[in-house]
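Have a look at the structure below, then the notes.
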Amino acid sequence: MTATSHALIGTVIAAKIGNPGLAIPLALASHVVADMIPHWDTATNGNGRGKSPNRVLIDTMMDVGLGFILSYFLIIFVFPHTNLLYALLIIIFAQLPDWLMSPYYFLKIKYFKWAYDFGKKTNINLDKPWGIITQVVAVSLLVILAKIF
Numbered sequence: 811m812t813a814t815s816h817a818l819i820g821t822v823i824a825a826k827i828g829n830p831g832l833a834i835p836l837a838l839a840s841h842v843v844a845d846m847i848p849h850w851d852t853a854t855n856g857n858g859r860g861k862s863p864n865r866v867l868i869d870t871m872m873d874v875g876l877g878f879i880l881s882y883f884l885i886i887f888v889f890p891h892t893n894l895l896y897a898l899l900i901i902i903f904a905q906l907p908d909w910l911m912s913p914y915y916f917l918k919i920k921y922f923k924w925a926y927d928f929g930k931k932t933n934i935n936l937d938k939p940w941g942i943i944t945q946v947v948a949v950s951l952l953v954i955l956a957k958i959f
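Counting from 811, one number per residue, gives the positions in the sequence shown under the numbering used here.
The following block contains the structure:
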């Protein structure tokens, strides 16, 4: 999934679960579950498959920024009683597996290869447009259900 999708999922978790002892492991688990939904992300057709590493990095940075911006608006307009710093913490944990694989993906730092290998095992890629549509539908349903319940 994109960092934006993981951020929005993390935002919903923060809005609905006020206990960090429960929300943090749930945010980590949500990352793995979300990545198992066929999806597109900034590295799909990336490094070695059509995009340069620099293009993947730029796209990823824009994705991360968009995720934080949309999460902020989701809190302000949909879940206004959510603490922003708490939401930021949960968002970071929802994105953490990708943050941990990035040093290997971009810089080939071997210490982080385990995170990269784990991410490759749990990711199911699907090219555009369907890989974006699956994310929009999944995250939209999650937000709607969270708002209703």
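Just so you know, even glycine gets a beta-carbon here, dropped at the ideal spot from N, CA and C. All figures in this text were calculated on a predicted structure; none of them were measured in a lab.
Its chain contains Thr814 as the residues whose beta carbon lies nearer than 7 Å to that of leucine 876, once the 5 sequence neighbours on both sides are disregarded; these appear in chain order.
Per the coordinates, the alpha-carbon of serine 840 lies some 18 Å from the alpha-carbon of lysine 957. Taking C-alpha positions only, alanine 897 is separated from glycine 860 by approximately 35 Å. In the DSSP annotation of this structure, the continuous segment of the alpha helix (DSSP H) that includes isoleucine 901 starts and ends at 894 to 917. In the three-state reduction of the DSSP assignment, asparagine 829 falls in the coil class. Shown here for threonine 852: same chain residues with a beta carbon closer than 7 Å to its own, the five before and five after excluded, namely Thr812, Val866, Asp869, Thr870, Asp873 in chain order. Note that the stretch 831 to 840 does not touch the stretch 913 to 929; fewer than 3 beta-carbon pairs, one per stretch, sit closer than 8 Å.
DSSP places asparagine 864 within a helical segment (H, G or I) once states are collapsed to three. Straight-line spacing of the CA atoms in isoleucine 823 and serine 950 works out to 14 Å.
Residue pairing for histidine 849: DSSP places it in a beta bridge opposite Asn935. Short of 8 Å from the beta carbon of proline 848, and not among the five residues preceding or following it, lie these beta carbons of its own chain, in chain order: Ile934, Asn935, Leu936, Trp940, Gly941, Thr944. Judged by DSSP secondary structure, threonine 944 falls within the alpha helix (DSSP H) whose first and last residues are 940 to 958.
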